[in-house]
Ligand code: ACO
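Residue numbers (this note's numbering): 319 to 752.
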């Protein structure tokens, strides 16, 4: 709360109303309009939440103009270079980085829960083999609530914590199972002596006849992908999880809603869409065709977008994109793919776009998805699985945000209002007379 207020006046002679202005620790102040309807009988109108803070939060802070991303106050650049994903999970869930004893205890808890109920295999069998992994993941994550009825009470902090650990532990197993099912290979059980990222890669790439050879550069790259995608304040999928959980549903169901939202190409599906876009340009002639592609993107009559560019909040270079670009170099170098034509095409396209007036004037810069697809492709992840991996990484953020909401004494079921522009009351004309 500040000692400042904001007064709203009306041109129709209605009396002005005053609202408190609230300040966060950093970032824009907010005008607390919770009493607006009671005082005026009016709602605010803000489609897409362009000017609306839907909650207060202590987890993630983004300064979109500076290109800054902080988890619990720590810059993403430091977390990505000094911590591993499970340390970041601890930070997001409990507010602090673990010390070495806490790290061992937390990793131990997570690894104890990496297996899924054996019945999950039969559930998975109901899907077509060619189903999109995000369709499968939406089903599998939602189904977890049927397997763990002992941790579905959202209002019990202990049960929420157990669900959080279960979700973080089981997401890699489920994503790997979805992949193995799609290619008709046997599922690989988790190995708890491996790191979180190495275990995931082994479940993806090992077979019963050939184990997975750990390449530290690739494991580090995967771990970094997880860290960079772990949370991003009140984005569409996180807001979906909050809204869904606000009804008191169970954590697994709420996270399944987040997975469904993330699937969209304007959100988590962008890395897949970005790689497909690069393939298209390559198929049409590569770098020589970038000009034609950019012209299409700028054409007001076309719906083509430069995927991996632009962000609702970042009006500067997405800091995650810089880290992902660095990882991209490391991975391609480690795999001897430095001359990879797709990567070169991506670099050329980025260079042209960041200097082009259309993108400069709209403050459109590469986002994390611009490079994450190339990294994942190089690691051997099939393109349709990219968004599923994003959902794996984002699960901790969703859970941390959900826990924060439920523990907030001001928490209420989310219930937006509307500006109704449809037909007013009328009577049904009997069928014969219509
Ligand atoms: N390519 C071309 N033009 C774009 C792009 C793009 N990628 N992004 C925005 N624009 C243009 C819009 O057409 C609009 O132009 P106009 O003012 O002439 O009408 C202007 O830039 C502003 O764009 P908005 O759509 O208002 O921006 P908004 O904040 O609503 O959208 C979004 C952000 C959805 C991410 C958008 O930039 C986009 O679709 N980007 C491509 C998809 C993508 O990469 N998504 C990943 C987001 S990051 C993540 O989820 C991890």
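We treat Cβ as the ideally placed atom computed from N, Cα and C, and that holds for glycine.
In this structure, the alpha-carbon of residue 645 lies about 9 angstroms from that of residue 540. Excluding sequence positions up to five before and after residue 494, its CB lies within less than 6 angstroms of the CB of 521, 522, all in the same chain and listed in chain order. Taken through DSSP and simplified to helix, strand or coil, residue 338 comes out as strand. In this structure residue 440 is exposed. Its beta-carbon is surrounded by fewer than 16 other beta-carbon atoms within 10 angstroms. CA-to-CA, the gap between residue 365 and residue 422 works out to about 45 angstroms. Take the alpha-carbon of residue 499 and the one of residue 737: they are about 46 angstroms apart. In the DSSP assignment, residue 388 is bridged to 379, 393. A check of alpha carbon separations from residue 426 across 559, 387, 620, 404 identifies 404 as the nearest. A straight-line Cα-Cα distance of about 19 angstroms links residue 686 and residue 698.
With a threshold of 7 angstroms, the Cβ atom of residue 706 does not count as near ligand 1, since no heavy atom of the ligand is closer than that. Looking at the DSSP output, residue 326 shares a beta bridge with 335.
A buried status is given to residue 695, since no fewer than 16 other beta-carbon atoms sit within 10 Å of its beta-carbon. By a beta-carbon distance limit of 8 angstroms, residue 592 does not contact residue 502. Their separation comes to about 28 angstroms. Cβ neighbours of residue 461 within its own chain (closer than 6 angstroms, five residues either side excluded): 441. For residue 499, the uninterrupted alpha helix (DSSP H) run begins and ends at 475-501, by DSSP. For residue 610, the uninterrupted alpha helix (DSSP H) segment begins and ends at 608-616. Residue burial is scored here from C-beta neighbours: residue 463 has at least 16 other C-beta atoms within 10 angstroms and is therefore classed as buried. Residue 682 has its Cβ nearer than 7 angstroms to a heavy atom of ligand 1. Between residue 407 and residue 560, the C-beta gap is not smaller than 8 angstroms, which leaves the two residues out of contact.
Going by DSSP, residue 514 is part of the alpha helix (DSSP H) stretching over 514-523. Straight-line measurement puts the Cα of residue 740 at about 29 angstroms from the Cα of residue 575.
Distance from the CA atom of residue 569 to the CA atom of residue 484, rounded to whole angstroms, is 11 angstroms. With a threshold of 7 angstroms, the Cβ atom of residue 630 counts as near ligand 1, since some heavy atom of the ligand is closer than that. In the three-state scheme derived from DSSP, where H, G and I count as helix and E and B as strand, residue 344 is classed as coil.
According to the DSSP assignment, residue 731 belongs to no alpha helix (DSSP H), since it is labelled neither H nor E. Going by C-alpha positions, residue 455 is about 7 angstroms away from residue 496.
Boundaries of the alpha helix (DSSP H) around residue 715: 704-725. Contact between residue 383 and residue 633 holds, with the beta-carbon distance rounding to 5 angstroms and staying under 8 angstroms.
If you draw a straight line from the Cα of residue 458 to the Cα of residue 438, it comes to about 8 angstroms. Looking only at 327, 548, 446, the smallest Cα-Cα distance to residue 580 is reached by 548.
Of the residues assessed, residue 702 falls on the buried side of the cut-off, its CB having 16 or more other CB atoms within 10 angstroms. If you look at residue 407, you'll find it in the alpha helix (DSSP H) that goes 403-412.
Per DSSP, the continuous alpha helix (DSSP H) segment holding residue 595 begins and ends at 588-601. Within 7 angstroms of the C-beta of residue 678 there is not a single heavy atom belonging to ligand 1. Between the C-alpha atoms of residue 653 and residue 585 there is a straight-line separation of about 29 angstroms. Straight through space, the alpha carbons of residue 683 and residue 635 are spaced by roughly 5 angstroms.
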